[in-house]
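First residue of the sequence shown: 1, per the working numbering; consecutive thereafter. Even glycine gets a Cβ: it sits at the ideal position worked out from N, Cα and C.
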Amino acid sequence: MKKRWIALCGLGAVVLGLYAVNNSWSASPEGRLTVLAHRGVHHTYSMEGLTRDSCTATAIHGPTHAFIENTLPSMREAFRLGADAVEIDVHPTTDGEFAVFHDWTIDCRTEGKGVTREQSMAYLRTLDVGYGYTADGGKTFPLRGKGKGMMPTLAEVLAAFPDKAFHIHIKSNDPREADKLHAYLAARPYARPDRLSVFGGERPVERLRAHYPRMRMASKPQLKRCLKDYMLIGWSGAVPKACRNAVIVAPTHMGWVLWGWPSRFLDRMQGANSEVWLGSGVKGKVMSLQGVDDAEAVAAVPKGWGGGVQTDRIEVVGPLLRSQKQG
């Protein structure tokens with residue numbers, strides 16, 4: 001009986017200790033809620049039956065606006081609607097530029113053909129980036145002709161919005177691309193590293209980290225390591241190496257497995273110079289993630305959340321989050 005009592009007391013002490021270290025209510029993370037607009041204001045599409053090589057421009061929902069992703073007007077509208085940062089996709093070109101464009105090839109969205117990074121920026125500027133969009137199987141192309149010459153360079157984007165933050169998506173796993181990007185940014189004083197974060201293949205991200213040790217970056221393998229390692233050791237208050245100087249995407253529906261969720265977790269990541277962006281889960285797919293895109297997903301954002309929220313529907317979510325951002 002005495003041994004059982006001692007064991008229960010010991011277990012109680014462990015539970016109390018874990019609670020003391022990981023309770024959320026006593027944590028005070030700095031900052032306010034911020035919003036990341038994926039590709040600016042853009043046209044969403046059906047995910048059903050999509051593969052890695054699918055042309056998403058031919059699967060868009062019925063257009064409700066005329067903005068085209070990864071263009072200056074799209075980014076400007078996203079910031080107007082409440083975005084604090086915009087995610088953009090970049091590709092090096094044969095004439096020393098970085099084109100802001102999503103796809104690996106230009107076949108889907110434009111009238112051109114070929115791999116994006118095998119083109120010159122001079123040629124890419126001649127294309128219509130709204131050419132391939134259709135919501136009715138090719139019967140109509142509502143954006144055709146509206147995106148002529150609108151593919152911008154990374155330099156043009158950063159110069160157009162000198163006080164705004166951008167999350168740059170490197171579309172390859174080639175480490176040499178990191179060296180090109182570093183040289184490109186270093187030559188442009190307005191491309192301040194403090195307003196940039198990066199996502200990409202593991203090899204270019206690690207190479208770029210050597211140039212910018214304090215810039216927040218992530219690759220898919222690193223993000224998986226971060227969350228896995230944190231679930232293993234986060235109970236102690238420790239932050240794994242993979243979670244430091246990082247961009248961390250956390251699903252609201254999986255917060256219960258992250259020690260100290262939400263405020264203590266956020267406080268620890270901020271202390272490790274990492275930013276946390278919330279996403280929402282996909283029904284029936286435990287590990288899948290999408291943006292916070294509607295009122296239901298907004299309601300799942302923890303009250304008083306002082307980190308980031310990522311969205312594919314800034315035109316819907318921006319107004320819904322306005323009061324929380326001001327709070």
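Classify residue i as buried or exposed, calling it buried when 16 or more other Cβ atoms lie within 10 Å of its own Cβ.
i    : result
L196 : buried
H391 : No answer is possible for residue 391: the residues shown for the chain start at 1 and end at 327.
R52  : exposed
E48  : exposed
N22  : buried
P204 : buried
V316 : buried
W256 : exposed
A297 : buried
H65  : exposed
L50  : exposed
G200 : buried
One question on the structure: do residue i and residue j come within less than 8 Å of each other, judged by their Cβ atoms?
i    : j    : result
L321 : V86  : no
F67  : P73  : yes
P142 : P63  : yes
F101 : T116 : yes
W259 : G234 : yes
A210 : V247 : no
V90  : L154 : yes
G130 : K146 : yes
R188 : L158 : yes
Leaving out five residues before and five after residue i in sequence, what residues of the same chain have Cβ atoms less than 7 Å from its Cβ?
i    : result
P221 : E202
Y45  : T56, A59, I60 and H61
A160 : L72
V276 : I248, A250, L266, M269, G307 and G308
If you drop the 5 nearest sequence neighbours on each side, which residues of the same chain put their C-beta closer than 6 Å to that of residue i?
i    : result
A29  : Before going further, note that residue 29 is Pro rather than Ala in the sequence given. For P29, where only same-chain residues beyond five positions count, the Cβ hits under 6 Å are S263, L266, D267, Q270 and G306.
R313 : D293
M215 : P193
T94  : S120
V14  : Low confidence applies to V14: its pLDDT is 44, below 50, so where it sits in the model is not reliable enough to give any reading.
P152 : L72 and V100
M287 : The pLDDT assigned to M287 is 44, lower than 50, so where the model puts this residue is not dependable; a value taken from the coordinates is nonetheless given after this. No residues qualify anywhere along the chain.
N273 : N245
Hey, how far is the Cα of residue i from the Cα of residue j?
i    : j    : result
H169 : G112 : 22 Å
L124 : S54  : 21 Å
P162 : A238 : 36 Å
T140 : A59  : 12 Å
Y190 : R225 : 33 Å
V198 : Q310 : 14 Å
S236 : L33  : 26 Å
R176 : K303 : 42 Å
N70  : R39  : 5 Å
E156 : A178 : 19 Å
F166 : K148 : 24 Å
T105 : M231 : 38 Å
R207 : C243 : 17 Å
H182 : M75  : 23 Å
R109 : E118 : 16 Å
M150 : K180 : 23 Å
V41  : E77  : 7 Å
L185 : N173 : 19 Å
Among residues of its own chain, excluding the 5 on either side of residue i, which ones have a beta-carbon nearer than 8 Å to its beta-carbon?
i    : result
P213 : N245
P319 : L81 and G82
Would you please verify whether the beta carbon of residue i is less than 8 Å from any beta carbon of chain B?
i    : result
G271 : The structure shown has no chain B; it contains just one protein chain.
Quiz item: What are the start and end residues of each continuous beta strand (DSSP E) run of 3 or more residues lying completely inside the segment 249 to 317, in chain order?
Solution: 275 to 282, 285 to 290 and 308 to 311
Quiz item: Which whole runs of the alpha helix (DSSP H) in the segment 71 to 154 are 4 residues long or more, in chain order?
Solution: 72 to 80 and 121 to 124
Quiz prompt | Those runs of the beta strand (DSSP E) which lie wholly inside the segment 186 to 255 and span at least 3 residues | solution = 196 to 200, 216 to 219 and 247 to 251
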